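Working notes, beginning with the structure itself.
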Amino acid sequence: MFTISTLLVQIVSGIVLAQSPPSHLPPATPGLFDAHANILINASIDKVWSILLDFPSYPDWNPFVRSQIVTDADFNPLADQTPRENLRIIIQSQIPPLKPPVSATTPANPLNAHTTMENITHVDNAEFAVAWALLDTPEINAERWSVLSDFEGQTFYESREVYSGLGAAAVELLFKKGLNEGFEAQAEALKERAETR
Ligand SMILES: *[C@@H]1O[C@H](CO)[C@@H](O)[C@H](O)[C@H]1NC(C)=O
Ligand SMILES: *[C@@H]1O[C@H](CO)[C@@H](O)[C@H](O)[C@H]1NC(C)=O
1 MFTISTLLVQ IVSGIVLAQS PPSHLPPATP GLFDAHANIL INASIDKVWS ILLDFPSYPD
61 WNPFVRSQIV TDADFNPLAD QTPRENLRII IQSQIPPLKP PVSATTPANP LNAHTTMENI
121 THVDNAEFAV AWALLDTPEI NAERWSVLSD FEGQTFYESR EVYSGLGAAA VELLFKKGLN
181 EGFEAQAEAL KERAETR
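Letter by letter, the sequence shown follows residues 1 to 197 in my numbering.
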């Protein structure tokens, strides 16, 4: 039987669907807190994927991750910067992020500069999913997933990093807000770059 309440459910779920594309992130691992952002980008999924994986160009546009260098297991930078599973990355970030827009010559704020050593844990070109995990800090577990999906001809970008482990409480206290600002700033800058170039 058709009732007012089923109608309401349909309207409300319709509104929710219209606002948020379905998530393609893997289920979140349990943790203390996360940093995340997502954004709808009016560009092809292939274009956004190539910008996301083009780490050498990050300094040109990314206000949060100022540099991301692919290395071998001993952290020696590689000539081929194509991300592959089980290669390492050295990430230099600004927490909170720099004020956009940025270019390669935008100076870092040394007070907010952080360097982490990470492992590339997943590169799935068919599913447009990539992840890397913190390596150098044994008391903190954190894996950052970034995935793309097609949504009504546009590209839905989602990124999430869940923090767990003994050190996560300190990271939450010091950096939760700045990390989330960073994820958001990167999402907005990725959209800007994909839609305007
Ligand atoms: C996406 O961009 C195209 C031009 O490339 C434009 O025609 C279209 O209206 C845009 N869609 C949205 C939802 O902004
Ligand atoms: C890096 O990730 C790969 C792929 O998930 C995994 O097999 C490997 O054990 C990881 N290496 C380290 C040092 O964590």
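Built from N, CA and C at the ideal position, the CB exists for glycine as well.
The structure displayed is predicted, hence computed values, not measured ones.
Beta-carbon spacing of residue i, residue j below 8 Å
i      : j      : result
Ile51  : Gln154 : no
Ala104 : Asp54  : no
Ile120 : Pro77  : no
Leu179 : Glu139 : no
Gln186 : Phe33  : no
Ala126 : Glu143 : no
Residue i: CB within 7 Å of a non-hydrogen atom of ligand 2
i      : result
Asn119 : yes
Glu260 : Residue 260 is absent from the model: the chain starts at 1 and stops at 197.
His122 : yes
Leu135 : yes
Beta-carbon contacts of residue i that lie in its chain and below 8 Å, excluding the five residues immediately before and after
i      : result
Phe2   : Low confidence applies here, because Phe2 scores a pLDDT of 49, under 50, leaving its location unreliable and the question unanswered by this model.
Glu161 : Asp34, Ala35, His36, Ala142, Glu143, Arg144, Trp145, Leu179, Phe183
Unbroken beta strand (DSSP E) run spanning residue i, endpoints
i      : result
Val203 : The question about residue 203 has no answer here: the residues shown for the chain are numbered 1 through 197.
Asp54  : Element bounds for Asp54: n/a, residue is neither H nor E.
Asn141 : 141-151
Phe33  : 33-41
Val130 : 129-134
Nonlocal neighbours in the same chain, by C-beta distance under 6 Å from residue i, ignoring five residues either side
i      : result
Ser149 : His24, Phe156
Ser20  : none
His114 : Ser93, Ile95
Val48  : Ile41, Leu148, Thr155, Ala194
Ile39  : Tyr157, Ala187, Lys191
Proximity test, residue i beta-carbon vs ligand 1 heavy atom, cut-off 7 Å
i      : result
Asn112 : no
Asn141 : no
Asn76  : no
Own chain residues within Cβ distance below 7 Å of residue i, not counting five before or after
i      : result
Ala200 : Outside the displayed range of the chain (1 to 197) lies residue 200, so it cannot be described from this structure.
Glu85  : Ile120, Thr121, His122, Val123
Glu181 : Pro96, Pro97
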